[in-house]
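Residue numbering for the sequence shown follows full-length UniProt numbering, beginning at 1 and increasing consecutively. Note that the Cβ used here is the ideal one computed from N, Cα and C, for glycine as well. First comes the structure, then the notes that go with it.
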Amino acid sequence: MTATPTAILETFDYMVFGASFATSVAIAWAYHRFESGILSPVIHAFLAFIILCVLHAAGAKIDRFEAPALLAITLTPLLFYGFVITAYIKECADRKQDLNEQLAVIGEYPQGGKNPVYPWSALSWSGHSKAKARIKQLSKLKAAEIFLALAGEHRDTLSRKRSQSTYLDEYGREQKDSWTRHCDYFYYKVAIPSFKELGLETPFDRQSAYERLTEIIPASAQAASDHQALAGMAGVATGVEYEAFVAGNMRAAGWDITMTPASGDHGADILAEKAGVRVAVQCKLYTSPVGNSSVQEVYSAKDFYRCHHGVVVSNADYTKAARKAATSLGVPLTHHDNLIKTLESLIRA
1 MTATPTAILE
11 TFDYMVFGAS
21 FATSVAIAWA
31 YHRFESGILS
41 PVIHAFLAFI
51 ILCVLHAAGA
61 KIDRFEAPAL
71 LAITLTPLLF
81 YGFVITAYIK
91 ECADRKQDLN
101 EQLAVIGEYP
111 QGGKNPVYPW
121 SALSWSGHSK
131 AKARIKQLSK
141 LKAAEIFLAL
151 AGEHRDTLSR
161 KRSQSTYLDE
171 YGREQKDSWT
181 RHCDYFYYKV
191 AIPSFKELGL
201 ETPFDRQSAY
211 ERLTEIIPAS
221 AQAASDHQAL
231 AGMAGVATGV
241 EYEAFVAGNM
251 RAAGWDITMT
261 PASGDHGADI
271 LAEKAGVRVA
281 VQCKLYTSPV
291 GNSSVQEVYS
301 AKDFYRCHHG
311 VVVSNADYTK
321 AARKAATSLG
331 VPLTHHDNLI
341 KTLESLIRA
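Here it is, written out as structure tokens:
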């Protein structure tokens, strides 16, 4: 005999209805922990509720306290969603692996950092997302440390650029546009490639990078100025004095020095030799960037004096054209603070 809808309603037990509804809510909650969307958990909970209600209606004559009814209410969701449990376990394993891989990129935690992954972080999408956010923040802290380390590594160059690029104009106002551009260059060409190579997040924008470099560099720029004064640079005012200053530093580093004539020097002011390596050096005491003519002159002087290398040394920066010519001709361009280091690298070449 077929049960009519009315008969089904008459035999429907609202306590079982409540248990079915509570079970469906539990399924929705558990499923929502598995994935971030809300639609899929609601659909699965609704289907489970319908199945439980139909199951109860079909077996309405069974007392709810008997084992078959209890088993039906308990086991149906478990059997129906068994595949979800398997997928959930795999998803947890994938999340755990993802978090471990991201932690491996950071390596040693930065100062003040701690492990951002908790034992339960992979058990839900929200825990996984929060752990990833903490790892991202830790990655930025690590990158910020590397930025400071890079600034320290290139302190001398940054100090020189800072002093060369900042000046007072005729109105007594500080002009630092060139320094701002160099900070941008350091940020985009030196720092960011280092972050990407290590797989780290970029810790701050270009403006913040400029502010950090400006905070770091004044003290080191003053140190560079003090170093120049101690080395005798403070009293250098003419090109001849600058040549003598450079030659003195080279002698102190163990180079044999020969000064070329003041006129007819063929593009070299100093001829230096050490460990069998001969170098033609042109010295430029400038208040503006050195142009490419100096590069061409010392390159010619190298061949004229039968030297292995030609070098241009200056207290100032170099133009873009000079740098291109130097790269093409293989002529190092250096500041007098870095001259000895540059010369020693030529010996090792």
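DSSP places Tyr188 within a helical segment (H, G or I) once states are collapsed to three. Taking a contact to require three or more Cβ pairs closer than 8 Å, the region 174–182 and the region 128–147 do not qualify as touching.
The DSSP-derived three-state label of Ser165 is helix.
Under the three-state reduction of DSSP output, Glu145 falls in the helix class.
Bounds of any beta strand (DSSP E) do not take in Val290, whose DSSP letter is neither H nor E. Taking a C-beta distance under 9 Å as the contact criterion, Cys283 and Gly248 do not qualify as a contact pair. With contacts defined as CB atoms closer than 9 Å, His308 and Pro332 fail to qualify as a contacting pair.
With contacts defined by Cβ atoms closer than 9 Å, Val298 and Val312 form a contacting pair. Here Tyr305 is actually not in contact with Leu339; their C-beta atoms are around 18 Å apart, not less than 8 Å. A Cβ-Cβ contact shorter than 9 Å links Ala322 with Val295. Where Ile347 is concerned, the enclosing alpha helix (DSSP H) starts and stops at Leu339 to Arg348. Secondary structure at His154: coil, using DSSP grouped into helix, strand and coil. Residue state for Glu201 is assigned as coil, using DSSP reduced to three classes.
At least 9 Å separates the beta-carbon of His154 from that of Phe245. Taking Pro289 as the centre and dropping the five residues before and after it, the same chain places the C-beta of Ala316, Asp317, Tyr318, Thr319 and Ala322 closer than 8 Å to its C-beta, in chain order.
For Thr238, no beta strand (DSSP E) segment is defined, and its DSSP state is neither H nor E.
For Lys341, the closest C-alpha among the options Lys130, Phe195, Asp177 and Asp156 is that of Asp156. Here Ile257 has Ala247, Met250, Arg251, Ile270 and Ala272 as same chain residues with Cβ atoms under 7 Å from its own Cβ, once five neighbours each way along the sequence are excluded.
With a 10 Å radius around the Cβ and a threshold of 16 neighbouring Cβ atoms, Arg348 comes out exposed.
For Lys274, the enclosing beta strand (DSSP E) begins and ends at Ile270 to Lys274. Nearest neighbour of Lys132 by Cα position, chosen from Arg95, Ala268 and Trp29, turns out to be Arg95. For the pair Leu343 and Val281, the Cα-to-Cα distance works out to about 10 Å. Here DSSP, grouped into helix, strand and coil, assigns Asp94 to helix.
Straight across, the Cα-Cα distance linking Asp205 with Gly199 is about 17 Å. Around the CB of Asn100, fewer than 16 other CB atoms lie within 10 Å, so the residue is classed as exposed. Ranking Pro203, Lys130 and Leu158 by CA distance to the CA of Leu141 puts Pro203 first.
Cys183 sits in a helix when the DSSP states are folded into three classes. DSSP, reduced to helix, strand and coil, places Ile135 within a helical segment of the structure shown. In the structure shown, the three-state DSSP call for Asp317 is coil.
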